[in-house]
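Structure first, commentary second.
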């Protein structure tokens, strides 16, 4: 697994994502949002899952977003939308992207899956 850490997807809000690539040239990408109830968590929390997915030929773009109480609704949702748009626009820089999927766990599954 090759990784690119702390890639900025939002200059305005200084938000970052990590990109984890499989060992192949063409792959789908999962834009992954961590859980934590919009109050805690980090883009690096699921490294075992990321390794599993990249071993199966799926790239991961794991996203950090603004959290409560520094951010209020819909700030974190807007960050998620901005991250997905960034991945769609820029993912081919890292290889031949065949599809883009969006998902996550907990808050990432309920709130950020656009």
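In the numbering used here, the protein residues as written are 33 to 146. The C-beta atom is built at its ideal place from N, Cα and C for all residues, glycine as well.
- In the DSSP assignment, residue 125 falls outside any alpha helix (DSSP H) and carries neither an H nor an E.
- For residue 34, the uninterrupted beta strand (DSSP E) run begins and ends at 34-42, by DSSP.
- Spanning the alpha carbons of residue 105 and residue 34 requires a straight line of approximately 34 Å.
- One alpha carbon belongs to residue 44, the other to residue 88, and they sit about 34 Å apart.
- Comparing C-alpha distances from residue 111 to each of 38, 37, 42 shows the shortest one belongs to 42.
- Restricting attention to alpha helix (DSSP H) runs no shorter than 4 residues, the region 73-133 encloses them at 79-87, 107-122, ordered along the chain.
- Using a Cβ distance threshold of 8 Å, residue 134 and residue 63 count as a contacting pair.
- For residue 61 and residue 101, the gap between their C-alpha atoms comes out near 30 Å.
- Per the DSSP secondary-structure output, residue 136 pairs in a beta bridge with 65.
- At least 8 Å separates the beta-carbon of residue 115 from that of residue 132.
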